[in-house]
Amino acid sequence: MRIFSRRGNTGSRFCTYCNAEVKLVYNWKRIFLLVAIVILVLIVLNFVLQYLGWPGITGGFAGGMAGAVIAIMMRRPPYLKIELVSKNKKKSRN
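Below is the structure:
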């Protein structure tokens, strides 16, 4: 289940727990740096495996690993900032 969901055609998202309107701001410079580091590590790992006489990493496996690592990491606080646009006006039930 997603924590933040969109309603209609608005650019902002809403929290599913407290119904507050939030805006997700991605730090694209850090994300591009993360992508470069992940690709560099995969290239080095491929060279090390080939040096040891193993077949190396296939393109599909490397792409899957890179995609998974980037998708998981870009939702973390150094890469994503959550700004509160407006708080929920209704009282919440406990």
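Take the numbering used here: the last position of the sequence shown gets the number 112, and nothing is skipped along the way.
Every residue, glycine too, gets a C-beta built ideally from N, C-alpha and C.
Asked                                                                             : Found
Of the listed residues 22, 46, 41, nearest to residue 35 (C-alpha basis)          : 22
Test item: CB-CB of residue 99 and residue 42 under 9 angstroms                   : yes
For residue 88 and residue 48, the rounded distance between their alpha carbons   : 11 angstroms
CB of residue 84 within 9 angstroms of CB of residue 56, strictly                 : yes
Residue ranges of each alpha helix (DSSP H) within the stretch 24-90, 4 or longer : 46-69
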